[in-house]
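Below: the structure, in structure tokens.
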Amino acid sequence: MSCSSISYKRGATPEEMTKDENICFAESILDSEFQSCMRNNGWFIADASAIVKTIEVTKNLTEAKALRQHVGVRKKNSKIAERIAIIPDVRTEVDLVEPKVNQGNNNKIMRSIASWWKIGDTANNLERDMAECAGRLGEINHSESGTALFSDGMTNCLKARGWRGIGI
Numbered sequence: 000m001s002c003s004s005i006s007y008k009r010g011a012t013p014e015e016m017t018k019d020e021n022i023c024f025a026e027s028i029l030d031s032e033f034q035s036c037m038r039n040n041g042w043f044i045a046d047a048s049a050i051v052k053t054i055e056v057t058k059n060l061t062e063a064k065a066l067r068q069h070v071g072v073r074k075k076n077s078k079i080a081e082r083i084a085i086i087p088d089v090r091t092e093v094d095l096v097e098p099k100v101n102q103g104n105n106n107k108i109m110r111s112i113a114s115w116w117k118i119g120d121t122a123n124n125l126e127r128d129m130a131e132c133a134g135r136l137g138e139i140n141h142s143e144s145g146t147a148l149f150s151d152g153m154t155n156c157l158k159a160r161g162w163r164g165i166g167i
């Protein structure tokens, strides 16, 4: 099971989102408090419950393993530790490794991307850009509509056209 949230703040980076999420989780126990904190920091959140679910993935890591994977570590007495403690263990460190299929040269490593976003653009334009990228890169890089697997070549081409992948 994979979970992702839709959080948006104009001009913000994923690192800024993670930083603000960690701060808000440390200060909040209730989901409503967390959402309020994120909104006060300028974020739009579509599904805060998914953020809590993604944190459970890191729950089984030891402090040393978490630090190696650049996961923030909190002291046992923090509110985030209390929040994580109530989430049942369902995943292990092995589940954190992103599967790669079709490994080889020339941008053929496939990556899972939940959704593509470009401010002010449409799904039809995404399909058009995907078709144009596939035409430039070769048919092996084409991804069917609705799929979640994209080659590095396709990912880089879409990024160059202004599209951003979410859930990478």
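Note that numbering that gives the first Met the number 0 has the sequence shown beginning at 0, numbered continuously upward.
Cβ atoms here follow ideal geometry from the backbone N, Cα and C, with glycine treated the same way.
Look at the alpha carbon of residue i and the alpha carbon of residue j, and state the distance between them as a whole number of angstroms.
{"i": "Trp42", "j": "Asp151", "result": "29 Å"}
{"i": "Gly10", "j": "Gly137", "result": "33 Å"}
{"i": "Asn40", "j": "Glu26", "result": "13 Å"}
{"i": "Lys117", "j": "Gly161", "result": "6 Å"}
{"i": "Phe33", "j": "Arg135", "result": "44 Å"}
{"i": "Lys158", "j": "Lys8", "result": "19 Å"}
{"i": "Glu20", "j": "Met37", "result": "7 Å"}
{"i": "Lys18", "j": "Thr12", "result": "10 Å"}
{"i": "Asp30", "j": "Glu131", "result": "42 Å"}
May I ask you to report which of helix, strand or coil DSSP gives residue i?
{"i": "Arg135", "result": "helix"}
{"i": "Arg160", "result": "coil"}
{"i": "Leu148", "result": "strand"}
{"i": "Ser31", "result": "helix"}
{"i": "Ile22", "result": "helix"}
{"i": "Arg110", "result": "strand"}
Is the distance from the Cβ of residue i to the Cβ of residue j below 8 Å?
{"i": "Ala122", "j": "Ala147", "result": "no"}
Please identify the residue among the options whose C-alpha is closest to the C-alpha of residue i.
{"i": "Asn155", "options": "Gln34, Ile108, Ser35", "result": "Ile108"}
{"i": "Phe149", "options": "Arg127, Gln34, Ser111", "result": "Ser111"}
{"i": "Trp115", "options": "Gly164, Met153, Met37", "result": "Gly164"}
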